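These protein sequence lines map, in sequence, to chains B and C. Per UniProt numbering, the very first residue in the first sequence carries number 1; after that it's consecutive. Per UniProt numbering, the very first residue in the second sequence carries number 1; after that it's consecutive. Let me begin by presenting the structure, written as structure tokens, before commenting on it.
Number of protein chains: 2
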Amino acid sequence: MLDDRLLLGPGPSNPYPEATEALTRPVLGHLDPAYLALVGEISDRLRAVFRTANELTLPVSGTGSSGMEACLASLLEPGDTIVVGVNGYFGERLVQVAMRLGAEIVRVEAPWGTPLDPGDLLAAQRAHPHAVLLAVVAAETSVGVRNDVAALGTELASTDTLLLVDAVTALGGTPLEVDAWGVDACYSASQKCLGAPPGLAPVTFGERAVARMRARSTPVSSFYLDMGLLQQYYQASPPVYHHTASSVLAASLHAGLGRLLDEGLEATWVRHERVGKALQNGLTDLGFGMVADEKARLPQLTATTLPSGKEEAPLRRRLLDGYGIEVGGGLGEFAGKAWRIGLMGHNATDRSVATVLGAIRDVLG
Amino acid sequence: MLDDRLLLGPGPSNPYPEATEALTRPVLGHLDPAYLALVGEISDRLRAVFRTANELTLPVSGTGSSGMEACLASLLEPGDTIVVGVNGYFGERLVQVAMRLGAEIVRVEAPWGTPLDPGDLLAAQRAHPHAVLLAVVAAETSVGVRNDVAALGTELASTDTLLLVDAVTALGGTPLEVDAWGVDACYSASQKCLGAPPGLAPVTFGERAVARMRARSTPVSSFYLDMGLLQQYYQASPPVYHHTASSVLAASLHAGLGRLLDEGLEATWVRHERVGKALQNGLTDLGFGMVADEKARLPQLTATTLPSGKEEAPLRRRLLDGYGIEVGGGLGEFAGKAWRIGLMGHNATDRSVATVLGAIRDVLG
């Protein structure tokens, strides 16, 4: 049996070779000047991919979910109101995390597979002008849908409501403009379109988010994910010890981001767009359906329903066991009905498309 | 300038060669049966080093601090009382994390550098019999002190108070017996005496802790660090998706634990004891002082005051820049006054002792 994997699920993707090599660089202590300099360079590279000048831009020591929680926990206080767009699993997760933090939730929904209407989100904010946050997932990994967040920031800039964007699957794969779009806070993950292994969550806070955090009247319930403490650790001089961050993961993310920026951010968007289309055309030819409408369909993550009469789990298992290819199963409403095929970062290539279509053709028989 | 490091601070230590090699094994998806099997084996190995049969034993996706928070957040509800032993920085951190979670704190103190009196801790529990937790750091990394936790569990077993032990620096370095000592919950970190890189926090919960978690009337405020959700992810069948755990770190921890168990847990205790003594004797010969009394002094982490008239920061910097050797500075009361020298896991060797003593001799001039 193959024990390596072509990772074409919803992430992790296979890291860039440079990111894998960097894993074995000498381990550095969490307060070593060389480690802090490395994080400084990671922050610079993250600013380039987030398209922001935000000072408070750094990798949180956890997976994408920890990035979501770092943002919500640092920006919300108990009793605060948050407007959340929900059209898939990760919008639902924003609701769950915010509820646990004691927030009042205003849900704005669209059917799973359909993009959120920015007008609905803004109307909900106008109905709840005291809302502290409006949160949207830019690329809903559960259904392969792109939500339009470009239009929101300008409208919210004149209100007291901050825009929080989940860019876990979006960052490095499809256009995202933190500053130009007026995004106040944004989080992502290392293991998708950034081409590094899982374990770090890039987060960026703009001035309004930093001010909101500083104006809290209650402490952040999480010590580990308090963005204010992380700022004191990574960006104060001298650094204030917070946790034993992993230079292993940092070196790898640094290398993945370097490779991405060498190619050029816009070039990677074009690459993801091209191979995603090729995959979707190939799947359609094989009788698969598309969960998302073409206009709102992501290229880096395709949610696809199987040809009628085909059971998803055994076929997915045959791809894994027989070909060493991972594709994802459906989440939530699409569990048992759909696959999620990712072409992200190092895996966003014509070779991946040819490989997975060829293997799918085989297992369909 | 040397860009590799001999890591003789309070952690990370240099990983075992097997743990470094394992970092470049093929990345696995977080729901891949091969990844879940790997975590199952890690749990088995962790049970062996924790000396427990606890079913709920797993690596949390974060550093040691995330392990501390996973335990406190999962076991405490707002308004609950916790008795905390404080004789150093990490006891203080237990207080800070518990306070943020809305707990009432009963502090039991000893001067930094002096072990906690188990009688004081038990007396505080008797005075607050409704306390949900009594928490103690087994090996206080900030001052190199061993706290006696062996005596506590038996006494607490007949009460409603659970024993939580911080074993971040203890595990794999000095004796710790989760089951025999009646420890209800315990957390550690991958990068110290376990000989793997930072990024994972082993946690174990006994039956009383699981029952306590199940009896909660409020949700755990942290989604990311909710031990109940992690149990559903790693130990339910089928696994319930929670976060994109890093197979890279898991493979490395698995290898580090394998190396440790091949040597034998008790043999590693003996090795740490021997080299720690050798270092402490050598430092004393060079005019250094010991922060902790001999009876309560840890072998794997030595807190040591510099010979009179020697400034710590420039000398520590010379060790780093000239020799590529990291030792830690003092924390809290000992900032600017002491060093913390770790001999942990792969670095607990005669070679490390000879190297660091030789380099110190050089820089003292």
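Beta carbons are placed, not taken as given, at the ideal position from N, Cα and C, and that holds for glycine. In this text, all values refer to a predicted model and were calculated from it rather than measured experimentally.
- Per DSSP, reduced to three states, the secondary structure at B/LEU301 is strand.
- Of the residues assessed, B/PRO202 falls on the buried side of the cut-off, its CB having 16 or more other CB atoms within 10 angstroms.
- At a Cβ-Cβ threshold of 8 angstroms, C/THR218 and C/PRO33 do not count as neighbours.
- A contact is defined here as three or more CB-CB pairs under 8 angstroms, and the region 81-90 of chain B meets this definition with respect to the region 105-123 of chain B.
- Under the criterion of beta carbons closer than 8 angstroms, C/THR81 and C/HIS128 qualify as touching, at roughly 5 angstroms.
- Contact of C/GLN191 with chain B is assigned, a C-beta pair being separated by under 8 angstroms.
- Taking the Cα positions, B/LEU72 is about 13 angstroms away from B/VAL60.
- Selection B/LEU249, B/ARG259, B/LEU315 and B/LEU301 evaluated against B/PRO198 yields B/LEU249 as nearest (Cα-Cα).
- Around the Cβ of C/SER252, a 10 Å sphere holds 16 or more other Cβ atoms; the residue is buried.
- Short of 7 angstroms from the beta carbon of C/GLU155, and not among the five residues preceding or following it, lie these beta carbons of its own chain, in chain order: LEU122.
- Here DSSP, grouped into helix, strand and coil, assigns C/TRP269 to helix.
- With a beta-carbon spacing of about 4 angstroms, C/GLY144 and C/ALA303 fall inside the 8 angstroms limit used to define contacts.
- If one requires a minimum length of 4 residues, the alpha helix (DSSP H) runs lying completely within the region 106-193 of chain B are 118-127 and 152-156, in chain order.
- Closer than 8 angstroms to the CB of C/ASP32 there is at least one CB belonging to chain B.
- Residues of the region 308-323 of chain C with a Cβ closer than 8 angstroms to any Cβ of chain B, in chain order: LEU320.
- DSSP, read as helix, strand or coil, puts C/ALA201 in strand.
- The continuous alpha helix (DSSP H) containing C/VAL248 extends over residues 247-263.
- Within the region 87-102 of chain C, the residues whose Cβ lies closer than 8 angstroms to some Cβ of chain B are ARG93, GLN96, VAL97, MET99, ARG100, LEU101 and GLY102, listed in chain order.
- In this structure B/VAL178 does not touch B/THR159 by the C-beta definition: roughly 18 angstroms separates them, more than the 8 angstroms allowed.
- Chain C has no Cβ within less than 8 angstroms of the Cβ of B/VAL49.
- B/GLY345 is not a Cβ neighbour of B/LEU225, given a cutoff of 8 angstroms.
- Our two residues, B/TYR323 and B/ALA359, have alpha carbons roughly 7 angstroms apart in a direct line.
- For B/GLY342, the enclosing beta strand (DSSP E) covers residues 338-342.
- At a Cβ-Cβ threshold of 8 angstroms, C/VAL149 and C/ALA138 count as neighbours.
- Considering only B/SER74, B/GLN191 and B/GLU311, the residue with the shortest C-alpha distance to B/VAL97 is B/SER74.
- When the beta-carbon positions are compared, B/PHE50 and B/LEU134 stay at least 8 angstroms from each other.
- Using a Cβ-Cβ cut-off of 9 angstroms, B/GLY64 is close to HIS243 and THR244 of chain C, given in chain order.
- Only ASP3, ASP4, ARG5, LEU7, GLY9, GLY11 and PRO12 from the region 2-13 of chain B bring a Cβ to less than 8 angstroms from some Cβ of chain C.
- For the region 192-211 of chain B, residues whose beta-carbon sits nearer than 7 angstroms to a beta-carbon of chain C comprise PRO197, PRO198 and GLY199.
- Residues of the region 255-279 of chain B with a C-beta less than 8 angstroms from any C-beta of chain C: none at all.
- Only buried fits C/PRO15, as 16 or more other CB atoms lie within 10 angstroms of its CB.
- With its beta carbon at least 8 angstroms from every one in chain C, B/VAL356 lies outside the interface.
- One Cα belongs to C/ILE325, the other to C/ILE341, and the distance between them is close to 10 angstroms.
- Around C/GLU326, the beta-carbon contacts reaching into chain B at under 7 angstroms are GLY29 and ASP32.
- In the displayed model, C/LEU58 falls within a strand according to three-state DSSP.
- DSSP places B/THR284 in the helix class (H, G or I) of the three-state scheme.
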